[in-house]
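Presented below is the structure to which this report refers.
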Amino acid sequence: MAKLTKAQREWRPGMPKKRRSTKVMFASTVLLLEAFVMFFATLAVFGLRRGEFPPAVILGVGIALCVVMIVACAFLTRPWGIGLGWILQLVLILTGIFEPAMFLVGALFAAAWWYGIRTGIRLDREAGERAREQAAWEAAHPDGSGPGQQPQSP
1 MAKLTKAQRE
11 WRPGMPKKRR
21 STKVMFASTV
31 LLLEAFVMFF
41 ATLAVFGLRR
51 GEFPPAVILG
61 VGIALCVVMI
71 VACAFLTRPW
81 GIGLGWILQL
91 VLILTGIFEP
101 AMFLVGALFA
111 AAWWYGIRTG
121 IRLDREAGER
131 AREQAAWEAA
141 HPDGSGPGQQ
151 PQSP
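Residue 1 is where the sequence shown starts when you use the UniProt record's numbering, and the numbers rise one by one after that.
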C-alpha cells in the first residue's frame, strides 16, 4: 500500500478542503512554460553557436536553467519564492545576450509573470472575502435554510 501524506493522515470526514492559491498556480504555469522555452532556446543556441561556445557549456547551462525553473515552482509558497521567480525572469531576459530573440521572449514572459502575480493576488483576496462571507452566513443560518432553499427536515 502506498504511503499516505501528512495531509491524508490528518484528514477527517467533514473537514473543509484547503484552498490553493491562484497566484501560485499562475506563477507555476508561467515558470513551467519558461522551462520549455529555455529548453528549446538551449537547442537553438547549441545549433547556431556551437563554434562560439563549447557545446557542453551550452547544454549544461541551458538544462540547468530549465531544472531551476521547474524546481522554483516548489518554492512559490515560501515568502522568497516570488522573488526567486523575478530573478529567473531577469535571467531569461539576459539570455538574449546569447540569442537576441530571447530579449523579446524574456520580456514577454516577464510581463506574463507580472500579470499572473498581480491577478492571482487579486483573485486570492476575493476568494478569501467570499469564504469569510460564506462562513458568516453559515454561522447565522445553522439549519441550512435560506433564500431559495427549503428547510431540512429531521
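Note that beta-carbon positions come from the ideal geometry of N, C-alpha and C, so glycine has one too.
Quick caveat, the model's predicted, so the values are computed rather than measured.
One thing to note: A74 has its Cβ no nearer than 8 Å to the Cβ of L84. A Cβ-Cβ distance of about 6 Å is found for the pair E99 and A44, placing them in contact under the 8 Å criterion.
Two segments are said to touch when three or more pairs of C-beta atoms, one from each, lie closer than 8 Å; by this definition the stretch 11-28 does not touch the stretch 101-110.
Straight-line spacing of the CA atoms in V67 and R122 works out to 29 Å. Of the residues assessed, G60 falls on the exposed side of the cut-off, its CB having fewer than 16 other CB atoms within 10 angstroms. Going by beta carbons, W113 and V24 fall outside the 8 Å limit. Straight-line measurement puts the Cα of I58 at about 39 Å from the Cα of D124. Apart from sequence neighbours up to five positions away, no residue of its chain approaches E138 with a beta-carbon distance below 6 Å. Each of G128, T42, L76 was checked against the Cα of G116, and the nearest Cα belongs to L76. In the three-state DSSP reduction, P55 falls in the helix class (H, G or I). One Cα belongs to I87, the other to A27, and the distance between them is close to 13 Å. Contact between T95 and A135 is ruled out by a C-beta separation of about 47 Å, above the 8 Å threshold. By the neighbour-count definition (other C-beta atoms within 10 Å, threshold 16), I82 is a buried residue.
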